[in-house]
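See below for the structure under consideration.
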Ligand SMILES: *[C@@H]1O[C@H](CO)[C@@H](O)[C@H](O)[C@H]1NC(C)=O
């Protein structure tokens, strides 16, 4: 969504801005971006939440800092106007095409021209003029930086770091969704309190409580065991009842067995999720849909009888 918006504002003054330039600006597509932050969950999560232009600024300053450029670029207008930041950036990314005149020249327009020449030698198609740089056109400069990034990001290809980033994006994604399910379940006003959905639902008890909330009377409490549960088969029994009720409520839980919920391991099987997590997701989403559909039909009935 965000990048589409940028294209809309960036495009009018030029013939064609390659949309694909913006697609790389996230950790999923370019896990090397993790090099821009410390190896911690919080920093990676923050990076994932940044708008593409903020990622670009972070990336640009990362290289400028390495190159010894004294200033920090805070925007794509007045801060890049004189072309110096570009000269430093391109010299780091593609020193083989470096032209010493770029930094020696006193004339900003001449420097901007040399910068564009340099970028073109790197493989960037030219679609802005030296004047777009010296006048500080935010959108065109942003598009230009995105194009340079796309062409050559100069980030580490250290596979250990990258796999760390890939693992992290999955974890952050999973933990976001976990939080969402957790808030929803805790908002239902069931007796138990959920601290971590994927851990706490494994006894099946909480899901039974949730089911009883969203479909009152659906649970046979005589065949349910409340935690702490000593015998594993009691958990499976709970979970089997969860699945049975899910089927009765016409949830799409085709391949889900009670045991899938109990195991809850994070082994990668379906995409980024374990089979059991995948089914659990599916089940929880079904539950949420079921509740809101009921509320929706209640509203319909309400208006119908009004
Ligand atoms: C860009 O950032 C600099 C500080 O780095 C600031 O002085 C300048 O006013 C900003 N320009 C725009 C157009 O926001």
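In mature numbering (1 follows the signal peptide of the UniProt record, and there is no 0), the protein residues as written are -15 to -1, 1 to 291.
All C-beta atoms, glycine included, are put in the ideal place defined by N, C-alpha and C.
- Sorting 134, 65, 207, 107 by C-alpha distance to the C-alpha of residue 96 places 65 at the top.
- Counting of Cβ neighbours within 10 angstroms places residue 44 among the buried residues, the total reaching 16 or more.
- Beyond the five residues adjoining it in sequence on each side, residue 49 comes within less than 7 Å, by CB distance, of 58, 70, 73, 74 in the same chain, given in chain order.
- Segment contact: the segment 82 to 90 against the segment 102 to 118, three or more CB-CB distances shorter than 8 Å; contact assigned.
- Here the distance from the Cβ of residue 60 to the nearest heavy atom of ligand 1 is below 7 Å.
- Distance from residue 193 to residue 227 at the Cβ level is roughly 6 Å; contact confirmed, criterion being Cβ atoms closer than 8 Å.
- With 16 or more other Cβ atoms from the protein chains shown falling within 10 Å of its own Cβ, residue 117 counts as buried.
- Ranking 225, 147, 153, 120 by CA distance to the CA of residue 27 puts 153 first.
- Burial state of residue 178 is exposed, judged by a 10 Å Cβ sphere holding fewer than 16 other Cβ atoms.
- By the CB criterion at 8 Å, residue 230 and residue 196 fall inside the cutoff.
- When distances are taken from the beta-carbon of residue 63 to the heavy atoms of ligand 1, the shortest one is below 7 Å.
- A distance of 8 Å or more separates the beta carbons of residue 172 and residue 126.
- In this structure, the straight-line span from the alpha carbon of residue 33 to that of residue 208 is close to 45 Å.
- Judged by their CB atoms, residue 94 and residue 119 are nearer to each other than the 8 Å cut-off.
- If the five residues before and after residue 88 are omitted, its C-beta is found closer than 6 Å to the C-beta atoms of 72, all from its own chain and listed in chain order.
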